[in-house]
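The UniProt record's numbering puts the sequence shown at residues 1 to 59.
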Amino acid sequence: CASECDRRCSATEHKSNCLLFCNKCCNKCLCVPPGTYGQKECCPCYNNWKTKEGGPKCP
């Protein structure tokens, strides 16, 4: 997960938060979407995991 999340979070200004949540999501879903944003439909678990407020949990 670590190298996939480094790639996923490489373009954000909020790198520590991105890495924290990306690694949580990757450990649960065993998948990280391609690219640095979007394309979450490639990983349904990653895409469908929401916060209590209903927003996206995974970066």
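For glycine and all other residues, C-beta sits at the position ideal for the given N, C-alpha and C.
Take C1, set aside five residues on each side of it, and the residues of its chain with a beta-carbon closer than 8 Å to its own are C22, N23, C26, N27 and V32, in chain order. The beta carbon of L30 sits closer than 7 Å to no other beta carbon from its chain once the five residues preceding and following it are set aside. In this structure, the straight-line span from the alpha carbon of S16 to that of E4 is close to 14 Å. Membership of K50 in any alpha helix (DSSP H) is not indicated, and neither H nor E is assigned to it by DSSP. Take K50, set aside five residues on each side of it, and the residues of its chain with a beta-carbon closer than 7 Å to its own are P56 and K57, in chain order. Under a 10 Å Cβ-count criterion, K40 is classified as buried, with 16 or more other Cβ atoms of the shown protein chains found around its own Cβ.
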